[in-house]
């Protein structure tokens with residue numbers, strides 16, 4: 001689930017109803033999100049997605065058992081914390097930066113300016 005899509009998706013992972021946090025994630029992404037969500041006291045469930053192409057990298061679906069959890073709201077309402085004690089920002093969630101400026105609207109403007117120049 002992209003951080004810019006607030007649609008709440010509930011599905012079943014290994015027989016347990018879960019809120020889907022992200023689907024089509026790589027193993028590294030699953031490890032990052034699992035660590036982050038478990039640190040914030042969520043029970044995380046993972047499921048391997050069946051790929052149609054035999055040589056394709058394995059993709060995973062990751063979810064949490066809290067059916068009211070919405071990752072978009074959790075990030076933008078500053079409900080999640082990192083292990084360092086700072087709030088999770090959109091840039092941190094997307095793994096774009098480690099120490100991100102919490103003012104995401106300013107960062108986005110600066111990124112657009114550098115691409116144009």
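Numbering (the working numbering), first residue to last: 1 to 117.
No residue lacks a Cβ here, since even glycine has one placed at the ideal position from N, Cα and C.
Open item on the list: Give me the residue from 63, 20, 32 and 49 with the minimum Cα distance to residue 98.
Closed with: For the purposes of this step, residue 98 is taken as the residue at position 98 of the chain shown. Among 63, 20, 32 and 49, the Cα nearest to that of residue 98 is on 32.
Open item on the list: For residue 94, which residues in the same chain have their Cβ closer than 7 angstroms to its Cβ, ignoring the five residues on either side in sequence?
Closed with: Within the chain shown, numbered from 1, the residue matching residue 94 stands at position 94. So the qualifying residues of the chain are 3.
- [ ] Since I believe residue 46 is in contact with residue 58 (beta carbons under 8 angstroms), could you give me their beta-carbon distance rounded to a whole number of angstroms?
- [x] For the purposes of this step, residue 58 is taken as residue 58 along the chain shown, with counting starting at 1. For the purposes of this step, residue 46 is taken as residue 46 along the chain shown, with counting starting at 1. Not quite, the Cβ-Cβ distance comes to about 11 angstroms (not below 8 angstroms), so this is no contact.
Open item on the list: Quick check: what's the CA-CA separation for residue 30 versus residue 48?
Closed with: Against the chain shown, residue 30 aligns to sequence position 30. Against the chain shown, residue 48 aligns to sequence position 48. Rounded to whole angstroms, residue 30 to residue 48 spans 11 angstroms at the Cα level.
Open item on the list: Does chain C have any CB closer than 8 angstroms to the CB of residue 35?
Closed with: Structure shown: chain C not included; a single protein chain is present.
Open item on the list: Here's the rule: buried if 16 or more other CB atoms are within 10 angstroms of the residue's CB, otherwise exposed. What is residue 91?
Closed with: Reading the chain shown from its first residue, position 91 is the one you call residue 91. The residue in question, residue 91, is buried, as its Cβ has 16 or more Cβ neighbours within 10 Å.
Task: Minimum length 3: unbroken beta strand (DSSP E) runs contained in the region 29-95 - done: 44-49 and 59-64
TODO: Report whether the distance from the Cβ of residue 56 to the nearest heavy atom of the ligand NAP is below 7 angstroms.
DONE: What this structure holds is no ligand at all, so the ligand NAP is not there to describe.
Task: Reference residue 62, options 19, 8 and 15, closest by Cα - done: The residue labelled residue 62 in the question sits at position 62 within the chain shown. For the residues 19, 8 and 15, the minimum Cα distance to residue 62 belongs to 19.
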